[in-house]
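A.B. asks: If you read the sequence shown in my numbering, its first letter stands for residue 34, the second for the next number, and so on.
Could you have a look at this structure, given as structure tokens, before my questions?
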Amino acid sequence: MQWDETFHVPVAQRAAGVVILNGQGDILLVREKGDGKQRKAGLWHIPSGTVEEGENPQDTALREAYEETGLRVRLLKFLGAYLGRFPDGDLILRHVWLAEPEPGQSIAPILTDEIAEARYVTQTEFDALYAAGQIRMYHTRLCYEDARREVAAQAARRDHRRAQES
């Protein structure tokens, strides 16, 4: 049987971003500027944005990290593709990587007309922001959880290798 066009699900937008954790497991988030008329004004999210025409998601993730935080980053591990829906019903597919900043940089957003601030927040702060409805989308929470699991798995693998070498 052929799987024809009736099985295709059109996605209105593609986006890509990064999860950056510091050594304590805090996540780097950005807060959108705005006058309250935009759906995202004042809300926190991971550095991410729209995949432009002709751009691949990896390049989008790197570009958005730089534009929104001022940091050049290295992509470490693909965390996943997260499918969501906007309030108008359009679907968005967000590609997300665990990333780390290149050494010797400071957080300083480039797109200061869009980004009010960028900073690390603890898990406790994140949970409070989420409970207060200040995290832009559930995807942000999923990405953070997936990144924390990946970092823990990497540490466990490293510890296992060290134990076997001893």
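Each residue gets a CB set at the ideal place from its N, CA and C atoms; glycine is no exception.
#1: At the level of alpha carbons, what is the spacing between His78 and Ser199?
#2: Return the CA-CA distance between Ile148 and Gly82, expressed in angstroms with no decimal places.
#3: Alpha carbon to alpha carbon, how far is Leu131 from Thr157?
#4: Measuring alpha carbon to alpha carbon, tell me which residue in Arg64, Val106 and Asp123 is nearest Ile53.
#5: Got a sec? Which residues, its chain only, sit under 6 angstroms from Pro80 by beta carbon, not counting five neighbours each side?
#6: Look at the alpha carbon of Tyr171 and the alpha carbon of Gly122, and state the distance between them as a whole number of angstroms.
#7: Considering only their Cβ atoms, is the gap separating Leu112 from Asp192 smaller than 8 angstroms?
#8: To which residues of the same chain is Gly117 closer than 6 angstroms at the C-beta, ignoring the five residues directly before and after it?
#9: Can you list, in chain order, the residues of its chain with a C-beta nearer than 6 angstroms to that of Arg92? Leave out the 5 residues immediately preceding and following it.
#10: Per DSSP, what are the beta-bridge partners of Gln46 in this structure?
#11: Cα-Cα, which of Leu175, Tyr153, Arg47 and Leu76 is closest to Ile168?
#12: Give the secondary structure of Glu65 by DSSP, where H, G and I count as helix, E and B as strand, and everything else as coil.
#13: How is Glu183 classed by DSSP in three states: helix, strand or coil?
#14: Per DSSP, Trp36 forms a beta bridge with which residues?
C.D. replies: The short version:
#1: So the alpha carbons of these two residues sit roughly 42 angstroms apart.
#2: Each residue's alpha carbon lies about 12 angstroms from the other.
#3: Roughly 20 angstroms separates the two Cα atoms.
#4: Comparing Cα-Cα distances from Ile53 to each of Arg64, Val106 and Asp123, the minimum goes to Val106.
#5: Gly50, Val51, Val63, Glu97, Ala98, Glu101 and Thr102.
#6: Those two C-alpha atoms are separated by around 15 angstroms.
#7: Against a cut-off of 8 angstroms, the Cβ pair of Leu112 and Asp192 comes out as no contact.
#8: The answer, listed in chain order, is Ile125 and His172.
#9: Position check: residue 92 holds Asp in this sequence, whereas Arg was assumed. Excluding positions up to five away in sequence, the list is empty.
#10: Partner(s): Ile125.
#11: Answer by Cα proximity: Leu76.
#12: Looking at Glu65 - three-state DSSP - the assignment turns out to be strand.
#13: Three-state DSSP puts Glu183 in a helix.
#14: None; Trp36 has no bridge partner.
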